[in-house]
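A quick write-up on the structure given underneath.
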Amino acid sequence: MVELDNLDVKILTHLQGNSRKSFNEIAKNCLTSVPTVNSRVNRLLELGVIRKFTIDIDNSKIGITEAILLVNASPNAINRVAEELMALEEVKELYVTPDSDTAIVSRIAGDMQRLLGIQDRIDLAGVINISVIPVKTQFKKDTTIPLASSSITLTCGYCDRKMTGNAVRKKFDDKDYFFCCDTCKGEFEKKYVKLLEKA
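Residue numbers (numbering that gives the first Met the number 0): 0 to 198.
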C-alpha cells in the first residue's frame, strides 16, 4: 500500500472534485507552492495512485442508454466470461461478487439494441442466467472515494498525531483540514478564529 500524507490527500480530494482545477488553485487551497503540487501529482502518477485524468459525461443528454448487466455463471466460467465482457466497449465497470452463486455485475452504456445483444457476443458456456436491466432514473453517480475515511494514514491538523480509520474533516476558508477527534477540531477552530480576529 502506498503511504500518503495530509498534503497528498488534500491534492487528491481537489482533483477528485474537479480534475480541471489548476495547480495554482490547488496550491492556494492547500497552503503550498505550485511546484510542490506539481511534484506531488507527478509522484502520484508514477506510483499509479492516479491512473488518469478524465471527464464525467451525462450520457442521457446525448442519447446513450445506461443499463446494469447481471450474469450468473458457474465458478469455472466466471473468469473467462469476465474477460470477454471487459473486451466489449459497452462495458464501463465490472465487478465479480464473492457469493456462492457467482455473479458478474456490470454498468454498460451504448445503443439499447447493442446492449441487449451482448449475450450474442460472448460464449455462454457455463452461464446460468444473463439479464440487461435499463436504468430508468439515475439518482446519484459518484466515482469519488471518501479519502478522509479510508485506510490512509493522516496526521491530525491540531495535535500532529498519526491516525488511521475515520478522520474528522472540516473546511476553513475552502481549505480541507483533518483531525483525529472533535476535540482537536474544536481547539483548532478556536485558534483559527483568534488568528482571523488579529488579522
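Virtual Cβ for every residue (Gly too), placed ideally from N, Cα, C.
No experiment lies behind these values; they were computed from the predicted model shown.
Exposure of residue i, with buried meaning 16 or more beta-carbon neighbours within 10 Å
{"i": "A66", "result": "buried"}
{"i": "K9", "result": "buried"}
{"i": "R39", "result": "buried"}
{"i": "L194", "result": "exposed"}
{"i": "L3", "result": "buried"}
{"i": "I107", "result": "buried"}
{"i": "V90", "result": "buried"}
{"i": "F178", "result": "buried"}
Residue i, DSSP secondary structure in three states
{"i": "R106", "result": "strand"}
{"i": "L123", "result": "coil"}
{"i": "V95", "result": "strand"}
{"i": "L43", "result": "helix"}
{"i": "E24", "result": "helix"}
Cβ-heavy atom distance, residue i to the ligand FAD, below 7 angstroms
{"i": "T53", "result": "Because no ligand of any kind appears in the structure shown, any question about the ligand FAD cannot be addressed here."}
Backbone CA spacing between residue i and residue j [nearest angstrom]
{"i": "K170", "j": "T53", "result": "26 angstroms"}
{"i": "E92", "j": "C29", "result": "32 angstroms"}
{"i": "V36", "j": "M111", "result": "43 angstroms"}
{"i": "V104", "j": "R50", "result": "22 angstroms"}
{"i": "K197", "j": "K20", "result": "31 angstroms"}
{"i": "K60", "j": "I117", "result": "23 angstroms"}
{"i": "F187", "j": "L46", "result": "33 angstroms"}
Given residue i as reference, the closest of the options once Cα atoms are compared
{"i": "I77", "options": "L68, V95 and I63", "result": "V95"}
{"i": "G185", "options": "K197, G156 and L195", "result": "G156"}
{"i": "V48", "options": "F22, T12, R79 and D55", "result": "T12"}
{"i": "D220", "options": "L115, Q15, K27 and N5", "result": "In the structure as shown, the chain begins at 0 and stops at 198. Residue 220 is therefore absent and cannot be evaluated."}
Exercise. Should the segment 72 to 85 be regarded as contacting the segment 125 to 136, the criterion being three or more beta carbon pairs within less than 8 angstroms?
Worked result: yes
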